[in-house]
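Student: Here the sequence shown is numbered in this note's numbering, starting from 30 and rising by one per residue. Even glycine gets a Cβ: it sits at the ideal position worked out from N, Cα and C. The structure under discussion is supplied below as structure tokens; questions concerning it will follow.
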Amino acid sequence: MDVEEDRESPFDDEASDSTDEDNEDGPGHESFKEEEVALPPDFEWLEELYKEDDGDGDLAVAAVSGEKRSYAETARMFKLRRNLDQLDCFHRQKEHDVQKAREELKLCRQNIESVLEQRENLEEKMEEQKAADNSVAVFRTRAQHKLLCQKLQSEEELEGHINTELKQQELELSEVEVELGRFSSLRQEVQEEERAFGVLKKQKATKRLQQKRKASQHQQLRMQHLRDKQASMLKKEEAECQRKIEEGRASRKVAAKYLKETIKSMQQQEAEKEQQNRELLEKRMQAVKSLKSNIAATQESLRVNQSRARAKAQKEEQRQRQLRESLQAEGFNSIQHMYQQKQLEEMQRKQEQLEERQKSKRVEIVEKILQEGPLVESRKRNPPPTPKLSLTDKYPSLRRAREKLLHYLDRRPPTATEERAAIQLRDFSSSSSASSDVDDQEESTNQEEDHPSLSDSLAEPEFSGLWDQNYKKLLNEKTTLEQAEVKQEEPAMAIGKLNLPPKKVLEKELKGPPFLSKPEVILFKDFELGKTYKKKIVLTNISYITNHCKLLGVSTHLKDFITINFDPPGSLSTGMSCDTQAVFQPMINEDLEGEVRFASAVCPFSVPVRCTIKKCDMKVDNQFIDFGSHVVGQTVSWTITLTNKGALASRFSLDTSACLSPETSHVQMASHVSANTSQETSSPNTTSDSQSSSVSMGTGKLQAEEESQELSEHPGPGAIPETCVSTDVDAQMDQSNSDFGDISLGNVKEGEIGPFESIRLEVIFTPTIPGESKLDFHIRFSDLTSKPIPIQVKGVAVSVPVWVVQPSIDLKICMFDRLYQDSIVVQSRASTALKLTFEVCPEMRKHMEILPKTGFIQAQSRFKAQLKFLPRISLSKDAMELFDEDTGVLEVPLTVLVAGQVKPVPFTMQAVVTCSELLFDRAQVDFGFCSVNQSVRSSVRLTNTSLLPQDFGFLGVPDFMEVQPNDGFGTLLPQETLEVDLIFSANKAKEYSFQLHCKSGINRDFPVTCQAVGVRPPLQLSHSLVQFGATAVGDRSTAMLYLTNHQTNHQTINHQNQQPAPPVTKDTMAPPRMFSFSLPQPSDLSITPSAGRLLPGERCLIQVTFRPRLLDDDIREEALRLFLRAKLLREKELERSRQAELEAKKDLPVETSKGKKAPVIPKNSKVSDVPQTELLTESPEPADIQPGSEHFEEARASLLYSFTQRYSEHTVSCFVSDGDPPEEDLQAQPAWSSFNTLYLQLQCPTVQPPLVVTSNNGHKSIDFHQVAVGEKVVKRFTVQNISKESLDLRSSVLDVHGPFSLLNALRCIRPGETHTLVLAFSPSLEKKFSETLEVRCQKMTLEMTLRGEGVLPAVTCSHPGGLLDLGYVLEKESTLHVLKMQNSSAVAVGFRVQLASLCPSRPPGGADGVASLLGRYSGSQLQPTVGTQNLSGLSVFSVLPAEGSIAPGQSQDLMVSFQPDHPSVCYSDRMTVELRNKSVVCVLDLRGAASSHNMYLCGGDPLTVPIESLLPPLITAQPQITESEVMEKPTIPVLVTLRAGYSGGAINPAVRELQVGSIRSTQPSKKSGEFHWENVASLQQQGFTVEPSKGIVETGHKRTVTITWSPHSGYKPYEVVQTCVPLTLKGDETNVYRVTLMATLSSAAD
């Protein structure tokens, strides 16, 4: 449709709108024009519905007048329905608003009532508080009352506002109901028209259903025809199969005839073979006779060789002795030197073992290669069948069936987006009415300056990494999804976007956006960077009302590239259009998608925008090439065409890699199946649009070889592993690799293809090997967005008429000088007899023969020949090129010459030739010196150098020899080495020389020469074998034996390697012998004594102790195992929790969709994304687990609980000297002889301990550490019965005078039970203590070591002791004094604080005070230990803490508090600090005074007794005190006595001090107090002086007032001067003290 035609349609809409307005003025009157008007764009489907009608020409039933209905009337019906629906919706909204306002008003009134009720309650409460004169509560209730009044006022205002809104909503609702009443008649008319329209739609649907049924019937007929055709083909195949069966029967009859002839020939051959066996037996008998003569000669030569060997051995022994003597003389350790030589020999032996293992590995490799050979040949002979193209692809039903089959075979399940896209694509391709308008793209070449493209400016990496392939995969997935979305959206946009949710405007339903865009998608295709593109868009109002259009903007990611030029046109009637322009300035080389958003009066809408870069779109005309069947040697070529349908050039290369990715294999199958369907159903435009990719990575050029190498070195994440590929696919891969040489590519293997160009590629088939040949190659492109195109090529090569059935004859493993035979079967498919000639290469004619050499093969039959193989020792020299001497592999090429055939038939013979030798690692065994009481073992290594197993056995073994294992008989596997133990037991003290013979299964003899010397040692053990009983871990077993020097005179042993001994006389005694036991390390054994000296005839008691224990290395390994198990359990727990969280997240959308509340994930929950290896700690090294650590003890306990049994044998050497060291140097090492060494064999069985310690980390020692003398420390340890029997526990007796004691009794414990032993340590002396406690049961004794140390405590106090005055305090207040206790000892010391007032030994009821008053009260200075106490019964003095413990070197603060409850100056108490051992640290006398006022006066003489009355003061109610009574408050008397001294004619004035203080109080008070003396002048007249006479006292301070008296001039001796002066103290109250001063003169001052 042109733009001009679109602009004419709005006038008609304006006319219809004007008629609608007139209709609203007069309800029920219709004023539409009878003439037909143009329909809006969203009603174009009505016109299509008219066209599909068969000629009726009407969409509804004829009206009453009989006239036909026009298009405009039908459109008017839908428009009226839309308007009525909109009015109904507006009416429902108004009703909802009125109901909501009424509910809010109701809720507001309820709130007002509740607030009023609360206010009334508060007012009542306020009256009650006023009556109770509680001002604080009144103020609080008044504040609450004020808040409630404010809340009530706000609620009343809200009520008025809601009431106003409710009235407004009810008014609007009534207006809407009036409008609904006006359109009631019009509603009935619309309903009738809709019913008529529905009837017509049902008729059309019925007609379409009938058409579809007819089409399905035709389809069923076609399917039936196809099934009949397949049935006929099956019948033909059955007939062909029956014919082949009959031919097989005939061929079997012919074969039976030839079989009889073959049997006869075989019988003849057997007779000949029997004759040959007889001849061979005679030859063997002659060989045995010659062997006997050779054995006799060999024995003679062996005797000569043995004598020579003995002489040589003597010389070697003498040389070694001289070497040891020289090393000892030089100060070197000869034993260490010999040990080093043994280590070197052991290293050489290990090196030989390594070489033998390498040889065995090479043999295994050869065996695997030989085993793979027949498999490869079988694949060559039986290639997999070639899939044939079905001829039924022409039928769409069969095509759909094949698509379903391929979909089932596809391993990758299709996504929901792909399924929807496929459905939309099929619907779109099948619909003939869908069409899309292609808009012209206006392209302006206003390019200001040439900017380089982004792809050229960016730097490319030298090597592509894994991220590139991941990115490619993401691009491919995104491209596939976007293609599916495009396919899904295009049919929707072509139909007019009717799939949008319907909207109701003016009682009519609007489906889709209110404005129609032309074009529907703003498409900028194949853009280039630096250019500017412009696109014109026309927006047409297709709604039923006057609408406006407003630009909201473009997508966020498109704002930098697209600019919209839009002038708002104002209100647009239905059908009116407006123009806008989109300007696109690309700055990045990427595909862009978004939308341009607009707003309208009905709803917002958007226009999609799509910008695509230049891309490559590669296609080939054929992806499957079948050359058919061709004879070997023929050359056939095929040409395929590669076409680029895109606008971007790219380089291509042909990659013959056989490994296909999942994407390429999927494309290959899809292209092969749906090649015809894609050409029929998809147009060029649709194909190009659907294959456009979303992202382009530039036009970088990559070589095909580099790309294939990168793909092979860096496989992508989607690559298929070998384990995921089936065996059939592997066989096809191997077959394709093996037949790669028959199919080759042409000269054009790489190049560049430009935009919209085509290139022809050539594939050549040259068969050389019979069978099916395959080649799978890919056409790869430098453009990363273009997927490789797979090409499959296959062809069948027909072989020659004669072939060998088994082209590779494998004789397996053969030995030298032994005969092996096999059959060669030749098959012929020719129709005539042919002459065959077998040829053997000249190098193998001495070792191989084929009989017969020439023969004739009948037509379509077989011919058999006999292959004889007898390998000689000279095979490596005769056939150097065919035989590998290192591996023993022999491969001989053989040929069969056929008469009349130019190409011979090749086949091969394969075998592995090996020898039959058995080798000893040494030819001579020297046992050395052997005691007659001991046995000597020497090991030799017997190696089978053959590749076949061989039997062996030692024959004719002497009585004093023993061969193990299995008494010298056994079988050696190929290349196996067996360690054979030769055990020599001397029965006499003499020299031995003999020979052992080992024979193989083929009667080959391999001798070993042995020699030894038997000796008798000077010392002898009472037992050479000690068998300990079953000993539990942690227990001990002891054995006693004797070591005896049985020599009584000087006996010597003369050997060939020793110097002759001097003559022996009767007086000469045998020398003493020194011995030393050498224990293996580490071991659980101990020998006491381990060394000593024995005189001739003396005997020594030897004690052997066996203490089994767990090795530290085993404990560390167990600890590591437990740690790894715990780590694995934690990982499983984390994985289980992670899976639970994932399942919870998966279940979350399902629950929310059902309306349930979604589970709230707490903020503190942490889901860790880091690997399990970062969350968990790394496993420690075994060396890092130290004894005593937690892991070590846990592992030790685990081993004890899981311990079963352990058996070990130890051989202990006892070295015996030749005598005492020389007298010149007694410190020198005595001479030792190795043949005098004794050996003690110990058999040590270990069992699980029935009793284990479970406390103290399993340690069997209890350390009480340092304990203060006099204190008692209790510790416990627990034992558990881990056996299956009940144990009766008993213990040893501890020292009754010692510090250790067992506090509880032992009992019988059942299996699995535990028992706790309570031990106490109470030292009485300052020293260290240690003792052993044995806990016994029936099967073991558990030893516990008890240790402890007694220490004297040393504790000091910061106060030296004596009086501690806490001063004055206001009554009912307290003061605090801190004492510090210092512990300078090395142990913790416990202490306790005692107050005399709280001591239970104090006389009750103040009896001590009464006694003081009645008895010993003689002076004013008496102060009792416990003075005045509180009237409330609480202690006036308190100490915190009352008891505790002080750590070593630490201190403890004691807080002494004084809290009186009434005024008094007689508060006192005694505090005693003592330790737990009853030693006293310090004794303090506590003093304190209390006053009711903050100012006090202290000092002067006491006027009352220091103890208050026993009767408590009478507490009465205080009446109201007037101000006059306050002024008349009685004074407080104070007496101050002064005595002046007279000596030497001089008078010393008397001086007394009074303290005026101000008490610091917690209550708010004045900062300071005042005092002043009255009548100071009168005092001076009598000789009294007061300094100061007045002053100010700060809070918490004291001030001293000094009173001095000197007699005046008229003073009479012994006269008492007395005066009274008031002292006024002003603080919180004013107190007046009446101070009486009494002065006298005495001869001596007191």
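Alpha carbon to alpha carbon, how far is C1366 from H1220? Give it in angstroms, no decimals.
Tutor: Cα to Cα, H1220 sits roughly 29 Å from C1366.
Student: Tell me whether the segment 1241-1249 and the segment 1320-1340 touch, counting them as touching only if at least three CB pairs, one residue from each stretch, are closer than 8 Å.
Tutor: Segments in contact, no.
Student: Quick check on the burial criterion: 16 or more other C-beta atoms within 10 angstroms. Buried or exposed for R1305?
Tutor: With fewer than 16 other Cβ atoms within 10 Å, it is exposed.
Student: Just curious, the alpha helix (DSSP H) that C1039 is in, first and last residue?
Tutor: Looking at the DSSP string, C1039 is not in any alpha helix (DSSP H); the run it does join, the beta strand (DSSP E), is D1034 to V1044.
Student: When DSSP builds the beta bridges, which residues end up paired with A1518?
Tutor: In DSSP, A1518 forms a bridge with Y1397.
Student: Report the option in T575, E624 and L580 whose CA atom is closest to the CA atom of I551.
Tutor: The residue with the shortest Cα to Cα distance from I551 is E624.
Student: Using CA atoms only, rank isn't needed, just tell me which of R1102, R1159 and P1209 is closest to E1146.
Tutor: Among R1102, R1159 and P1209, the Cα nearest to that of E1146 is on P1209.
Student: What is the rounded straight-line gap between the Cα of A1187 and the Cα of A1169?
Tutor: Since pLDDT at A1187 reaches only 43, below the 50 mark, its modelled position is unreliable, and the value read off the structure follows with that caveat. Using only the alpha carbons, I get a separation of about 16 Å.
Student: Report the rounded CA-to-CA distance for R1165 versus L1158, giving the unit in angstroms.
Tutor: Answer to the nearest angstrom: the Cα atoms are 10 Å apart.
Student: Report the rounded CA-to-CA distance for Q387 versus L1002, giving the unit in angstroms.
Tutor: Distance between the alpha carbons of Q387 and L1002: 15 Å.
Student: Between T1307 and T1343, how many whole angstroms is the CB-CB distance? I'm expecting something under 8 Å.
Tutor: Indeed, because the Cβ distance is near 5 Å, the residues count as touching under 8 Å.
Student: Check V1322 in the structure and name its three-state DSSP category.
Tutor: Residue state, collapsed to three classes: coil.
Student: Going by Cα to Cα distance, which pick from L671, D846, V854 and P922 is closest to E872?
Tutor: Selected option, being the one with the closest Cα: P922.
Student: Would you list, in sequence order, the uninterrupted beta strand (DSSP E) runs of no fewer than 3 residues that lie entirely inside the segment 1250-1276?
Tutor: Listed in chain order, they are 1267-1276.
Student: How about L176 and L134: are their beta carbons less than 9 Å apart?
Tutor: In this structure, L134 does not lie closer than 9 Å to L176 by Cβ.
Student: P543 and V631: beta carbons closer than 9 Å?
Tutor: In this structure, V631 lies closer than 9 Å to P543 by Cβ.
Student: Kindly indicate which three-state DSSP category E142 falls into: helix, strand or coil?
Tutor: Of the three classes helix, strand and coil, the one that applies to E142 here is helix, per DSSP.
Student: Would you grab the beta carbon distance between S1414 and P1382 for me? Rounded to a whole angstrom, and I think it's under 8 Å.
Tutor: Right, their Cβ atoms sit about 5 Å apart.
Student: Taking the C-alpha atoms as reference points, what is the distance between F1329 and T1060?
Tutor: Cα to Cα, the separation comes out at about 29 Å.
Student: Is it the case that the Cβ atoms of T1073 and C1129 are separated by a distance below 9 Å?
Tutor: Result yes, Cβ atoms of T1073 and C1129 sit closer than 9 Å.
Student: In three-state DSSP terms, what is H1288?
Tutor: Looking at H1288 - three-state DSSP - the assignment turns out to be coil, as it is neither helix nor strand.
Student: Write down the C-beta distance between K563 and Q614 rounded to the nearest angstrom, noting that I regard them as a contact closer than 8 Å.
Tutor: About 10 Å; that fails the 8 Å criterion.
Student: Determine whether the beta carbon atoms of Q945 and D1010 lie at a separation below 9 Å.
Tutor: Gln is not the amino acid found at residue 945; the sequence shown has Ser there. Cβ distance not < 9 Å, so S945 and D1010 don't count as in contact.
Student: Can the beta-carbon of G1377 be found less than 9 Å from the beta-carbon of H1288?
Tutor: No.
Student: Since I believe R110 is in contact with E208 (beta carbons under 8 Å), could you give me their beta-carbon distance rounded to a whole number of angstroms?
Tutor: In fact, because the Cβ distance is near 16 Å, the residues do not count as touching under 8 Å.
Student: Name the one or two DSSP bridge partners that M1373 has.
Tutor: DSSP output for M1373 lists L1362 as bridge partner(s).
Student: For D589 and F634, what's the separation of their Cα atoms in angstroms?
Tutor: The alpha-carbon atoms of D589 and F634 are separated by roughly 22 Å.
Student: Tell me, to the nearest whole angstrom, how far the beta carbon of L587 is from that of C578; I am working on the premise that it is less than 8 Å.
Tutor: Actually they are not in contact, since the Cβ atoms of L587 and C578 sit about 19 Å apart, beyond 8 Å.
Student: Hey, would you say L804 sits closer than 9 Å to L790, going by beta carbons?
Tutor: No, Cβ-Cβ distance for L804 and L790 is not below 9 Å.
Student: In angstroms, rounded to a whole number, what distance separates the CA positions of V934 and R391?
Tutor: Each residue's Cα considered, the two are about 32 Å apart.
Student: Taking DSSP as the reference, what is the three-state secondary structure of T1725?
Tutor: Beyond the ends of the chain as shown, which are 30 and 1675, falls residue 1725; an answer cannot be given.
Student: So, for V1580: in the same chain, excluding its five sequence neighbours on each side, which residues have a beta-carbon less than 6 Å away from its beta-carbon?
Tutor: So the list reads T1633, once near-sequence residues are dropped.
Student: Looking at C-alpha atoms only, which residue of K643, E622 and I593 is the closest neighbour of L558?
Tutor: Taking only the C-alpha atoms, the option nearest L558 is K643.
Student: With DSSP run on the structure shown, which of helix, strand or coil describes C843?
Tutor: It is a strand residue.
Student: Just to confirm the assignment, what range does the beta strand (DSSP E) spanning V1598 have?
Tutor: In the sequence on display, residue 1598 carries Gly and not Val. Run containing G1598: S1597 to W1602, per the beta strand (DSSP E) assignment.
Student: So, helix, strand or coil for I669, using DSSP?
Tutor: Of the three classes helix, strand and coil, the one that applies to I669 here is strand, per DSSP.
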